[in-house]
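Each step along the sequence shown adds one to the number in the numbering used here, with nothing skipped, and position 97 is 101.
Don't be surprised by glycine CBs; every beta carbon is placed ideally from N, CA and C.
Below: one structure, written as structure tokens.
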Amino acid sequence: MTVTTAVPPVRNAVRVEEVPDPQVPERATRRTYTAKYKAGILAEYDRLDRDGRGALMRREGLYSSLISEWRKQRDKGALEALGKTRGRPPVDPVEADNAALRAQVAKLQAELETSRRVIEVQGKLSALLEQLATGSGTEEDPAR
């Protein structure tokens, strides 16, 4: 005699298709943080006490080295922003002179090339006219 027992369905069971793949991805991706996120975390980090800071880093999955780097970035950015003058950056007079001289050189080179072509054409024309002048005086035209 065979006795079969029915197994009641388990309510907390997870279907096989829903289990995430335990394999590590082939190429890990670095986390990137926006400037707004960094500023918010730094502001919150500075407000908290020692235990709160640790809890914040655990909650966000951050390391203290990141906090240090973000502080350096914030301070450097603040100093650079305060040191800059508003508006258009001033033009270096040497660079302005260089740009003007480069433009003048390019213009003069184009004029020189044009002058060389004109002289070449004039030389060819002169040679042709000389040939016509000397050729018509020595040879007689048989059609006349």
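Same chain, Cβ closer than 8 Å to residue i, neighbours up to 5 away in sequence not counted
i	result
A43	R78
Beta-carbon spacing of residue i, residue j below 9 Å
i	j	result
I45	E73	no
I71	Y41	no
V66	A59	Reading off the sequence shown, one finds Leu at residue 66, where the question assumed Val. No, Cβ-Cβ distance for L66 and A59 is not below 9 Å.
Euclidean distance between Cα positions of residue i and residue j
i	j	result
L106	A114	Note that residue 106 is Arg in the sequence shown here, rather than Leu. Distance between the alpha carbons of R106 and A114 is about 12 Å.
R75	Y37	14 Å
S130	G139	14 Å
K128	A104	37 Å
Q27	T33	15 Å
E124	V109	22 Å
G81	A39	11 Å
G56	R92	44 Å
N102	S119	25 Å
Residues near residue i in its chain [Cβ-Cβ closer than 7 Å; skip 5 each side]
i	result
P94	none
Every unbroken alpha helix (DSSP H) inside the segment 30-97 [4 residues or more]: DSSP runs (the alpha helix (DSSP H)) wholly in the segment 30-97: 39-51, 54-64, 68-87.
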